[in-house]
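*Asks:* The sequence shown begins at 1 in UniProt numbering and counts up by one. Backbone N, C-alpha and C fix where the C-beta goes; we use that ideal spot for every residue, glycine too. Starting off with a structure, shown below.
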Amino acid sequence: MSTLSLALTAITNDLRLFVHDIDDAAKQDDVLELFNPWRVFILALNIAYILCQVLLIYIFKPAPPESNELKKPFGRIAVIGAGLTGISSAAHAIAHNFEVVIYEASDRPGGIWAHVNKTSGLQINSLIYRFHPAVLWSCAYPLRDEILSEIKRVWKEYKLESRTRMNTRVTSVTRASGTTSPGARWVVNDGRDGEFDAVIVTVGTCGQPMMVPFKGMPEGKLQPKDNSVEKGKEEDAKRDEDTKRRGLGRRENESRRDDEVHAADLDPRDEGAPSFADIAKHPPMPVPVPPASLEEDKSGPSQSQNVQGEEARLDDTHNESHVQDESKHSQEGDNGVFAGQVLHSSELDDADIEGKTVLVIGSGASGVEAVETALQRGAKEPVLMVARDDKWIIPRNIVVDTSISAQPFGREMPLSFLWETFLKVWHYRSAGNLVPVDKGIYEGTPIVNDKFLHHVRCGCVKYVRGDTLRLTKRGARVRVRPRGSKSGSTGPAGQEEGQDYPIEEFEGDVVVLSTGFKKPDVDFLPKDLFPKDYERPDLYLQNFSTEDWSVLLTNSAYVNAIGTVGHFHIGIYTRILLMFLLDKDARPPPKDMKLWVDALRFVKRGARGGALGFFTYMELTIWFLMFHVFRPNRLRWIFFVMQGWGLNVNKVGE
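Take a look at the structure:
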C-alpha cells in the first residue's frame with residue numbers, strides 16, 4: 001500500500017470515528033458532547049498530524065528494494081533480534097544495498113511489544129517514536145496492535161520476510177577463520193548462512209517477564225504464562241486487517257488513550273547501586289530458595305539472571321533481608337500461601353479483576369500501567385501500589401518532554417531544580433509527597449503519564465512506600481517507610497532498639513508483580529569484545545564494541561536515559577556502521593574508541609550511574625555531530641549518516 005493510500009485510509013477512519021461519536025452523543029441526547037468544539041479541534045489536529053508524517057516520509061524514507069535479490073550487495077550483515085530496532089536496522093541496511101539475515105528466537109517479529117498487554121501503548125508522543133522513516137501513525141499515542149502492525153509492515157515492505165530466521169536462537173557469534181578484530185568477519189551459530197561483514201545486536205533491554213519469588217506465592221507462579229504464542233496467529237490476522245483499515249480497531253480504546261503507557265519498566269537507580277558494567281562482571285546475589293512447596297522446577301530459568309527494571313534487580317538483592325525480617329516476626333503465626341491470583345504486569349489481558357481489590361507491587365512504568373489497567377477493568381477502589389522508592393513522573397506533553405530531553409549535559413546540573421520545581425508545581429500539585437527527594441530528574445528514566453497522579457489525588461489509588469516482605473494468605477506484608485528513606489532499610493539511621501519502621505499487612509484479591517523483564521544477555525559474542533572497563537554501557541558511542549567497530553549493539557547497552565528508544569538514532573547508528581564498511585579511512589581503531597569513552601568519563605565524572613549509564617537525547621545528538629567534526633574525513637558522509645540520503649539500492653550500478 002502506498003504512503004498516500006495509508007494516509008487517506010487513516011484520515012477516513014478518523015472521520016468515521018468523529019461521525020460515530022456525534023451519532024452516539026445524539027442518541028444519548030448529550031447536547032454538550034454533541035456540540036463540543038474540542039472534538040472538531042482534535043479531528044483537525046489528527047489530520048494535520050497524518051499529513052505532517054506524509055511529508056517526513058517523502059523526505060527521509062529510503063527506497064525499499066524493487067526485487068527480492070540484490071544485484072551487487074556491498075556486504076552482508078547479521079541482525080540478531082526481530083524487534084522494533086532489529087527490523088528498522090535491517091530495513092536501513094538493505095535500503096542501502098547491504099544484504100541482511102535476521103535471527104529471531106520467537107516465531108514472529110515485534111520484540112517486547114509482542115509480550116505486553118493489548119492496552120499497552122506509547123508513553124511518549126509517536127512523533128518522537130518514528131523508529132523508521134516509513135512509519136505512519138494514525139494517532140499521537142498508538143496502542144500495541146498498531147505498533148506491531150507498523151513493525152510488520154516495514155518488515156514486509158523491505159522484503160525482510162525471506163531474510164528472517166524465525167525460531168532461531170543465536171548461541172554463538174565467532175570470528176571467521178583467518179580474520180581478526182577490528183574489522184573481522186563473523187559466523188553465526190553453525191555458519192549455515194555464511195560469513196558476515198558486521199553484526200548488529202538488537203536484543204534490547206527487556207526480555208521475558210520476570211517473576212520475583214516472594215514467600216507465600218502460590219505453587220507454579222514463579223514463571224508467568226506466555227500468551228504470545230497461543231494468541232500469535234489470531235493477533236497476526238487481526239493486525240493485518242487493521243493495517244488495511246488503519247484505526248478501526250482502536251475504537252474501544254479511544255476514550256482511555258491518555259491512561260495507557262509503555263510497559264517497559266525502565267526505572268532510575270538507587271544511590272550507590274552498581275553500574276551495569278559491574279553487574280556484568282559480578283553475578284547478582286543468589287535468590288533464597290522458597291519453601292519446598294513453592295520451589296521452582298529445576299528445568300526452569302535461573303533466578304540469578306540479570307533483569308530489566310529496578311523492581312526485579314533490587315527485590316532480588318533485598319530478599320535476604322526479607323527472610324531475616326520474617327524470622328523476627330514468625331511469632332505472628334503462619335502467614336500461609338496467598339489465596340488469590342498472582343499475575344505479572346504483562347498478564348493482565350485476560351485477568352478477571354472486576355470488583356476485586358488489586359495490590360500492585362512495583363512503582364515503575366509497568367506498575368503505573370497495571371494500576372491504570374486495573375481501574376479501567378473495574379477493580380475495587382482504591383487500587384494499592386507498593387512502591388519501594390519514588391520515581392519522577394512527567395506529563396504526556398511533547399513540548400515538555402522534548403524540552404526536558406534537550407538538556408545537553410546528560411546529568412544533574414545546578415539549574416536542574418528549575419525543571420523539578422516546575423513539575424512539582426504544575427504536574428504533581430497536591431501529590432507533592434510523591435516527588436523523589438533523593439534523586440534528580442536527570443538521574444534516572446522518568447515515567448511518562450498524565451492520569452496516575454490524578455488517581456492518587458482523588459483516592460482511586462493508595463500509594464504505600466515500603467518494602468514487600470512476603471505474600472500472606474490474605475494479601476501482602478509490607479514494611480512501610482517514610483518519604484526519603486532508603487529502600488531496604490528497617491528503620492531510621494542511628495535508631496534505638498524497637499524503633500523499626502512498622503510492618504503492615506494489606507489485604508487483596510489479586511497481586512500484580514510489576515517486577516520488570518529479564519535483561520537479555522549477549523553471551524553469544526566473544527568475551528574479548530568487552531575488555532575490563534569497556535563493557536556495556538561503556539562502549540564507543542554507547543553502542544559499538546571498543547575492540548571492533550563491526551559489532552554494533554543498538555539499544556542493547558541502554559540503562560537509563562531521557563529520550564526515546566525508537567527514533568532516528570536507530571538509522572544513524574546503522575548508517576555509521578555502513579560507512580565503516582564502505583570507507584576504511586573513516587574506521588576508528590580500538591585506542592580511539594577507548595579514548596572516546598575515557599574522555600566522556602572525564603567530562604561526566606561524578607555523574608550518578610556513570611558517564612554512559614544515563615544520557616539525554618540531546619547529548620546523543622551531540623555525540624553524532626562531534627563524531628563527524630573531530631574526524632573531518634567523515635564530513636563527506638554527514639548527509640548520508642544523519643539524513644540517510646544517498647546509496648539507493650535500486651540505483652546501484654547505474
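With a CB to CB cut of under 8 Å and the five nearest residues on each side skipped, what residues in its chain are close to V400?
*Replies:* Excluding positions up to five away in sequence, the list reads I394.
*Asks:* Using the rule of at least 16 other Cβ atoms within 10 Å of the residue's Cβ for burial, across every protein chain shown, is P167 buried or exposed?
*Replies:* Residue 167 is actually Asn in this sequence, not Pro. So N167 ends up on the exposed side.
*Asks:* From the DSSP output, in three-state form, read off L552 for me.
*Replies:* Reduced to three states, the DSSP call for L552 is strand.
*Asks:* Suppose you measure from the CA of M211 to the CA of T3; what does that come to, to the nearest Å?
*Replies:* Rounded to whole angstroms, M211 to T3 spans 42 Å at the Cα level.
*Asks:* Using three-state DSSP, classify K424 as helix, strand or coil.
*Replies:* Helix at K424.
*Asks:* Within the chosen definition, does the stretch 517-527 reach the stretch 563-573 through at least 3 CB pairs nearer than 8 Å?
*Replies:* Too few Cβ pairs lie closer than 8 Å, so no.
*Asks:* DSSP three-state label for Q376, please.
*Replies:* Here Q376 sits in helix by DSSP.
*Asks:* CB-CB under 7 Å to D500, same chain, minus the five flanking residues each way: which ones, in chain order?
*Replies:* Cβ within range, chain order: T490, G491.
*Asks:* Going straight from the alpha carbon of D30 to that of H20, what length do you get?
*Replies:* Between D30 and H20, the C-alpha separation is close to 14 Å.
*Asks:* Assuming contact is defined by CB atoms lying nearer than 8 Å, are L359 and H455 in contact in what I supplied?
*Replies:* No.
*Asks:* By Cβ distance, which residues of its chain are closer than 6 Å to residue 655, with the 5 residues on each side in sequence left out?
*Replies:* The chain is shown from 1 up to 654; residue 655 falls before or after that span and cannot be answered.
*Asks:* Measure the C-alpha to C-alpha separation of G606 and N46 and round it to an integer number of angstroms.
*Replies:* Roughly 44 Å between the two C-alpha positions.
*Asks:* Hey, quick one: how far does the beta strand (DSSP E) through F615 stretch, first residue to last?
*Replies:* Element bounds for F615: 614-616.
*Asks:* With respect to the alpha helix (DSSP H) encompassing A607, which residues constitute its N-terminal and C-terminal limits?
*Replies:* Segment: none, A607 is in no alpha helix (DSSP H) and carries neither H nor E.
*Asks:* For D467, does the three-state DSSP call read helix, strand or coil?
*Replies:* The answer is strand: DSSP assigns D467 an E or B state.
*Asks:* Alpha carbon to alpha carbon, what distance is there between D145 and I361?
*Replies:* Cα-Cα distance, rounded: 26 Å.
*Asks:* Skipping 5 residues on each side, what residues in its chain have a beta carbon closer than 6 Å to that of F452?
*Replies:* The residues are V368.
*Asks:* Could you give the C-beta distance for Y141 and A95, rounded to a whole number, given that I count them as a contact under 8 Å?
*Replies:* The Cβ separation is near 28 Å, so there is no contact.
*Asks:* DSSP three-state label for I102, please.
*Replies:* In the structure shown, I102 sits in a strand (DSSP, three-state: E or B).
*Asks:* Give me, in chain order, the residues of the same chain whose beta-carbon lies closer than 7 Å to that of N189; leave out the 5 immediate sequence neighbours on both sides.
*Replies:* Within the same chain, N189 has close Cβ partners V170, T171, S172.
*Asks:* Where are the alpha helix (DSSP H) runs, 4 residues long or more, that stay fully inside the stretch 112-159, in chain order?
*Replies:* The qualifying runs are 144-157.
*Asks:* Is it the case that the Cβ atoms of V383 and V478 are separated by a distance below 8 Å?
*Replies:* No. Outside cutoff.
*Asks:* Note the first and the last residue of the continuous beta strand (DSSP E) segment covering V505.
*Replies:* Before going on, a small fix: residue 505 reads as Glu here, not Val. Per DSSP, E505 belongs to the beta strand (DSSP E) from 503-507.
*Asks:* Name the residue from N555, V551, A476, Q28 whose alpha carbon lies nearest to the alpha carbon of F580.
*Replies:* Cα-wise, what sits closest to F580 is V551.
*Asks:* Taking three-plus beta-carbon pairs below 8 Å as touching, is the stretch 429-437 in contact with the stretch 634-644?
*Replies:* No: the two stretches stay apart, fewer than three of their Cβ pairs being nearer than 8 Å.
*Asks:* Kindly identify the DSSP beta-bridge partner or partners of residue 682.
*Replies:* Nothing about residue 682 can be reported from this structure: the residues present for the chain run from 1 to 654 only.
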